[in-house]
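Asks: One structure coming up, written as structure tokens, with questions to follow.
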Amino acid sequence: MRHPTRDPILLRVLGCALLLFAACALAAAEQPGRAAVASAHPAATVAGQETLALGGNAFDAAVAVSAALAVVEPYSSGLGGGGFFLLREAGEQPRYRFLDARERAPLAAHADLYRRGGQVLPALSLNGPLAAAIPGLPAALVELAQRFGRLPLRDALAPAIRLARDGVAIDRVYRERAAWRLAALRDDPETARLFLDEQGEIPAEFSLLRQPELAQTLERLAEHGQAGFYAGETAERLVKGVRDAGGIWTLRDLAEYRLVERQPLRYQLEQGRELISAPPPSAGGIALAQSLALLQQLPWRQAEPVQRSHFVVEALRRAYRDRGLLGDPDFVDDPRAKLFAPAYLKQLAGSIDPQRATPSASLPPAGSWHEGDHTTHFSVLDAEGNAVAATLSINLPFGAAFTAPGTGVLLNDEMDDFAADVQGANAYGLTGSAANAIAAGKRPLSSMSPTFIESAGDFASFGTPGGSRIPSMVLLAILDYLDGQPVAHWPAVPRYHHQFMPDLIEHEPDSFSPAQIAELQARGHRLKNLERRYGNQQVLFWDKQGQRVEAASDPRGIGTSAVFNLPPR
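In mature numbering (1 follows the signal peptide of the UniProt record, and there is no 0), the protein residues as written are -27 to -1, 1 to 542.
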């Protein structure tokens, strides 16, 4: 009998076995082994859990959560809206993708669409079918399921169909948002029938919101894929409803809508970390990357609270100033090379006075901005390490407050995110930018910033609704993460915001003490207490070395997060 330690063949076999064992152990170490879902509504979080338990991956769960949110949060997202999806495909070298499901201007749209008698009428881009761009969310659901998911689309849509058919309880957030848009909701008979009570009032808390027409529309999407929404019965009803009420949609608009896959924005941070975020037509990822790049050149970590806030505000001031250069990259040049050039970033950082606020008027001008802040966000991680961060929107609460009869589809008013008047201002009093002017088939600029940060040791996901405040909210959560704060604190951190113009710090009531406010004012900052808390961030964290997964929902909202055992496939 040969001794195994002296037999070269057996030694090679044993060596291969040990190498295989080590490779398997390494692969297992790169899988979290647990799954997590964090969303803005408990029913949507449950829909994600159900889909993962059924054998779906993070991409199937993203379909389930998105569709459920479209049912239970008609004030924030829906099949009549769109969004951005940031994907992480697990593997030895993870692959990141960015799906642009932003709404697209109808082909009959033009720069003077909302101009009457030489004047832009803001209401036309806010309420009614003329305010609606062509929805992108249905195309994203189909793409995620068919290209990245494991389950049939019907299985991933099943929770949303059930919620639409059987009903969901009206909650305090629904009632609050409906109050903000009550007059617009009453103006459209179909919208009033679906989303108000029989007297045209806001439904009572805990009453049921049933949407049978939306359930049927979801069924057609489940059965026929993209053609179930962008062609056939649903498309015909959408176009007829829009045109009968004065809109400009055509069947060609729907038939030609395509989701666009873009290269995610990627920026190297300190300590081996990488920021992965939204590229144009999002302005958010660029604002985040620039702000972090500037802060890396400043001693923000060692600074006491007021000094740190000063550094953050000055970084945001400069990052937000550059938004006027951005637009749909299919229509305008992408300025990322210039904005991330080391010499340019060094120049911006060098212009920051450590003790004094820089008046925005002293910096080169750029278009200031705002957009509807009633979007929604969710984050999903499966046991293999696939992940999705998605921010979805219909712009203002309840979008355009117009529902195409027979579809249950509440349309967006994302056309207001274009610069309707490049010499004037949008509904939020902010100046336009020629790069974001209305054009046929164009996607409007957005702040939505689904974001990952990854290193060899960990992975984190961030995102929130909040319009122009999205990048500053995500930045504050990222700084909390970089500071090593508990995951539950990231979405709860007190918030403040600066966006170049208007030249002031907007902040939540509890963000600064009276003494801190006085010190910031002494440095030349103007402050505005918003007297309310804002945002609804959903985050998750995977500690690869400690094999720990955590998730957290913003305490400002009604969302929930869940972490649960789910063995990798």
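Note that CB positions come from ideal geometry on N, CA and C, so glycine has one too. All of these numbers come straight from a predicted model, not from anything done at the bench.
1. Taking 7 Å as the limit between beta carbons, can you name the residues of its chain near Y87, skipping five residues before and five after?
2. Which of helix, strand or coil does DSSP assign to W463?
3. Report the start-end ranges of each beta strand (DSSP E) in the stretch 304 to 382 that is 3 residues or longer and not cut off at the edges.
4. For N100, count the other beta carbons within 10 Å of its own beta carbon; 16 or more makes it buried, fewer makes it exposed. Which is it?
5. Quick check: the stretch 275 to 288 against the stretch 224 to 234, are there 3 or more CB pairs under 8 Å?
6. Classify V(-15): buried if its beta carbon has 16 or more other beta carbons within 10 angstroms, exposed otherwise.
7. Cβ of F537 within 8 Å of Cβ of A412?
8. Considering W153, what are the terminal residues of the alpha helix (DSSP H) in which it resides?
9. Since I believe R499 is in contact with D483 (beta carbons under 8 Å), could you give me their beta-carbon distance rounded to a whole number of angstroms?
10. For chain B, is any of its Cβ atoms less than 8 Å away from the one on L261?
11. For E192, report the span of its alpha helix (DSSP H) as first-last.
12. Which whole-angstrom value is the C-beta distance of L187 and A137, which I expect to be below 8 Å?
13. Express the C-alpha separation of A131 and L42 in angstroms, rounding to a whole number.
14. Within a Cβ cutoff of 7 Å, which residues of the same chain sit near I443, ignoring the five residues on either side of it in sequence?
15. Going by the CB atoms, is the gap between I107 and P79 shorter than 8 Å?
16. Alpha carbon to alpha carbon, what distance is there between L384 and F168?
17. Any contact of the stretch 48 to 64 with the stretch 357 to 369, i.e. 3+ C-beta pairs under 8 Å?
18. By DSSP's criteria, G497 is part of a beta bridge. Which residues make up the other side?
19. Using a Cβ-Cβ cutoff of less than 7 Å, which residues in the same chain neighbour R529 once the five nearest sequence positions on both sides are dropped?
20. Does at least one heavy atom of the ligand MG sit under 7 Å from the Cβ of A429?
21. For the stretch 245 to 286, list the beta strand (DSSP E) runs that are entirely contained and at least 3 residues long, ordered along the chain.
22. Use the C-beta contact count for A(-3): other C-beta atoms within 10 angstroms, 16 or more gives buried, fewer gives exposed.
23. Taking E206 as part of the alpha helix (DSSP H), name the residues at either end of that continuous run.
24. Using CA atoms only, rank isn't needed, just tell me which of D527, L25, L418 is closest to residue 566.
25. What are the residues that DSSP puts in a beta bridge with D73?
26. Check for me: the alpha helix (DSSP H) holding T24 runs from which residue to which?
27. Looking only at its chain, what residues have a beta carbon closer than 6 Å to the beta carbon of A433, apart from the 5 residues adjacent to it on each side?
28. Give the DSSP-derived three-state secondary structure of L452 in the structure shown.
29. Tell me the DSSP secondary structure of T164 in three-state form.
30. T376 and L211: beta carbons closer than 8 Å?
31. By the DSSP assignment, the beta strand (DSSP E) with R239 in it spans what residues?
32. From the DSSP output, in three-state form, read off S39 for me.
33. Using a Cβ-Cβ cutoff of less than 6 Å, which residues in the same chain neighbour H(-25) once the five nearest sequence positions on both sides are dropped?
34. What did DSSP end up calling F514 once you bin it into helix, strand or coil?
35. Leaving out five residues on either side along the sequence, give the residues of the same chain with a beta carbon under 7 Å from the beta carbon of P47.
36. In this structure, does DSSP put I426 in helix, strand or coil?
Replies: If we stick to the structure as given:
1. V93, L94, L97, S98, A393
2. coil
3. 349 to 354, 360 to 366
4. buried
5. no
6. Low local confidence applies: a pLDDT of 41 at V(-15) is under 50, so the model's placement there is unreliable, and no value is given.
7. no
8. 145 to 153
9. The pair is not a contact, with the Cβ atoms about 19 Å apart (cut-off 8 Å).
10. No chain B is present in this structure, which holds just one protein chain.
11. 185 to 197
12. 5 Å
13. 13 Å
14. G257, S420, M421, S422, T437
15. yes
16. 13 Å
17. yes
18. Paired residue(s): none; G497 is not in a bridge.
19. R506, G508, N509
20. As far as ligands go, the structure on display features none, and thus does not contain the ligand MG.
21. 247 to 250
22. Note that A(-3) has pLDDT 39, beneath the 50 cutoff, so the model's placement of it is unreliable and no number is given.
23. 205 to 217
24. Coverage of the chain is limited to positions -27 through 542, which leaves residue 566 absent and any answer about it impossible.
25. F57, V233
26. 15 to 26
27. I426, Y454, F514
28. helix
29. helix
30. no
31. 238 to 241
32. helix
33. For H(-25), the predicted model reports a pLDDT of 46, less than 50, meaning its position is unreliable and no value from the coordinates is stated.
34. strand
35. F168, F371, L383
36. strand
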